[in-house]
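First the structure, in the form of structure tokens, and then the observations on it.
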Amino acid sequence: MIDTHLHLWTLDTFVTGGPRHYSWLGPQHGELFRSFGEDEAHETLDAAGVTGAVLVQADDTVADTESMLAVAERNPWVLGVVGWVRMDTPDQAAEQLDRFSTHSSFKGVRHLVHDDPRDDFLDLPAVRESLALVAQRGLAFDVPDAFPRHLGAVARLARDVPQLTVVLDHLGKPPLADVVAMDAWRSDFKALGREPNAVAKLSGLHLPGVEYTADSLRPLFEEALAAFGPGRLMIGGDWPVSTLGAPYGRTLDVMLELVSSLSPAEQDAVLEETAIRTYKLDGAPLSQTAV
Numbered sequence: 001m002i003d004t005h006l007h008l009w010t011l012d013t014f015v016t017g018g019p020r021h022y023s024w025l026g027p028q029h030g031e032l033f034r035s036f037g038e039d040e041a042h043e044t045l046d047a048a049g050v051t052g053a054v055l056v057q058a059d060d061t062v063a064d065t066e067s068m069l070a071v072a073e074r075n076p077w078v079l080g081v082v083g084w085v086r087m088d089t090p091d092q093a094a095e096q097l098d099r100f101s102t103h104s105s106f107k108g109v110r111h112l113v114h115d116d117p118r119d120d121f122l123d124l125p126a127v128r129e130s131l132a133l134v135a136q137r138g139l140a141f142d143v144p145d146a147f148p149r150h151l152g153a154v155a156r157l158a159r160d161v162p163q164l165t166v167v168l169d170h171l172g173k174p175p176l177a178d179v180v181a182m183d184a185w186r187s188d189f190k191a192l193g194r195e196p197n198a199v200a201k202l203s204g205l206h207l208p209g210v211e212y213t214a215d216s217l218r219p220l221f222e223e224a225l226a227a228f229g230p231g232r233l234m235i236g237g238d239w240p241v242s243t244l245g246a247p248y249g250r251t252l253d254v255m256l257e258l259v260s261s262l263s264p265a266e267q268d269a270v271l272e273e274t275a276i277r278t279y280k281l282d283g284a285p286l287s288q289t290a291v
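Under my numbering, the first residue of the sequence shown carries the number 1, and numbering increases by one thereafter.
Spelled out as structure tokens, the structure:
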């Protein structure tokens with residue numbers, strides 16, 4: 001299994017006024033308000049039988065990306081890095097993409113759209129120009145927490161820029177406990193699934209008002225399968241954020257229980273092959289049953 005969604009951060013660097021700062025992270029986040037480093041991450045993954053992971057940015061800064069790339073150079077279990085570039089300034093995005101692409105582990109780009117005050121961020125001409133550069137370089141583009149403000153825009157983006165691989169993190173954060181809101185999520189989610197260049201992550205599914213069990217999440221899993229198919233779904237533990245809802249092993253166990261209903265080949269797709277194809281993870285090990 002490849003975990004496609006793992007975060008790292010060093011808290012003391014940010015708290016003491018260093019060059020990096022996580023504006024969203026503070027004492028109100030309880031157990032998350034500490035450092036989560038590469039050694040702890042590796043131990044956690046290894047204990048759960050996970051063979052490799054993709055590091056994903058948790059801050060819209062160059063320093064965060066550079067830190068992940070450095071971790072990747074030291075750790076063969078890090079198969080790829082999804083970093084950040086300034087997408088609303090295409091010239092700067094081009095420079096940063098060129099610089100980061102000298103690292104073989106640099107596989108994708110992400111921006112914290114849910115924290116950005118601009119509702120139209122993904123439709124901005126400058127952002128679209130930068131994302132065209134991302135596509136030209138064969139990199140993926142991850143979108144976190146897209147619902148409710150951005151999920152429709154993600155579908156438009158995938159349609160308008162078919163050369164770009166668009167990755168929907170956390171299934172767009174479906175409001176599973178709200179029947180009315182789910183209708184809106186479902187419409188945009190299905191629209192995105194109709195775009196062949198779109199991929200979705202089974203990750204970040206500790207949802208408000210929903211018990212984190214396979215039975216509770218099964219209807220959502222079935223909707224994801226119907227919209228994307230196993231060939232465009234991949235799994236992510238969202239460590240350490242997911243530890244607020246359950247230990248890492250429990251988070252994975254629920255997702256693996258859901259995936260176990262698929263055929264062996266379909267399981268391989270969700271657990272490994274979609275990730276390898278989406279992020280171009282050269283050299284990543286495939287399971288023995290992959291076809």
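Heads up, the beta-carbon is just placed ideally off N, CA and C, and yes, glycines get one too.
Integer-rounded CB distance, given that residue j should sit under 8 angstroms from residue i
i      : j      : result
Gly152 : Asp188 : 5 angstroms
Tyr279 : Val54  : 6 angstroms
Ile2   : Glu272 : 5 angstroms
Lys173 : Ala146 : 7 angstroms
His150 : Val113 : 5 angstroms
Sequence-distant residues of the same chain with beta carbon closer than 6 angstroms to residue i, five excluded per side
i      : result
Ala191 : Ala155
Gly193 : Ala227 and Phe228
Through-space distance from residue j to residue i, alpha-carbon basis
i      : j      : result
Glu129 : Val81  : 22 angstroms
Gly26  : Ala275 : 31 angstroms
Leu281 : Val167 : 15 angstroms
Asp238 : Ser23  : 19 angstroms
Gly248 : Ala48  : According to the sequence shown, residue 248 is Tyr rather than Gly. Cα to Cα, Tyr248 sits roughly 8 angstroms from Ala48.
Val110 : Gly83  : Inspection of the sequence shows that residue 110 is occupied by Arg rather than by Val. Their backbone Cα atoms lie some 6 angstroms apart in a straight line.
Gly231 : Glu223 : 14 angstroms
Val294 : Gln267 : The displayed coordinates of the chain run from 1 to 291. Any statement about residue 294 would go beyond what the structure contains.
Asp169 : Arg159 : 18 angstroms
Ala214 : Arg99  : 42 angstroms
Phe36  : Pro117 : 28 angstroms
Ser263 : Gln28  : 42 angstroms
Val270 : Val50  : 14 angstroms
Cβ-based burial, residue i [other Cβ within 10 Å; buried from 16]
i      : result
Ser203 : buried
Gln57  : buried
Pro125 : exposed
Leu8   : buried
Phe14  : Caution is warranted here: a pLDDT of 47 is assigned to Phe14, below 50, making its placement in the model unreliable, and the coordinate value is therefore given only provisionally. Phe14 should be labelled buried.
Asp102 : Contrary to the premise, residue 102 reads as Thr rather than Asp in this sequence. The residue is exposed, with fewer than 16 neighbouring Cβ atoms inside 10 Å.
Glu195 : buried
Gly138 : exposed
Ser105 : buried
Asp59  : buried
Leu265 : It should be pointed out that residue 265 corresponds to Ala in this sequence rather than to Leu. By the neighbour-count rule (16 or more Cβ atoms within 10 Å), Ala265 is not buried but exposed.
Neighbourhood of residue i by C-beta distance below 8 angstroms, restricted to the same chain and skipping five residues each side
i      : result
Leu133 : Pro90, Ala93, Ala94 and Leu97
Asp88  : Phe121, Leu124, Ala126, Val127 and Ser130
Gln288 : Confidence is the limiting factor: at Gln288 the pLDDT is only 41, short of 50, which leaves the residue's position unreliable and the question unanswerable from this model.
7 angstroms Cβ shell around residue i - same chain, five flanking residues per side excluded
i      : result
Ala135 : Val161, Gln163 and Leu164
Val71  : Leu8, Glu38, Leu55 and Val78
Leu32  : Leu25, Pro240, Val241 and Leu244
(request) Please list the segments of the beta strand (DSSP E) lying wholly inside the stretch 224-249, counting only runs of 3 or more residues, in order along the chain. (result) Within the stretch 224-249, the complete beta strand (DSSP E) runs of at least 3 residues are 233-235.
(request) Taking only runs that begin and end inside the stretch 4-63, name each unbroken beta strand (DSSP E) of 3 or more residues, in chain order. (result) 52-56
(message) My parser needs the beta strand (DSSP E) runs of 3 or more residues fully inside the stretch 178-202; what are they?
(response) The stretch 178-202 contains, as complete beta strand (DSSP E) runs of 3+ residues, the segments 198-202 (chain order).
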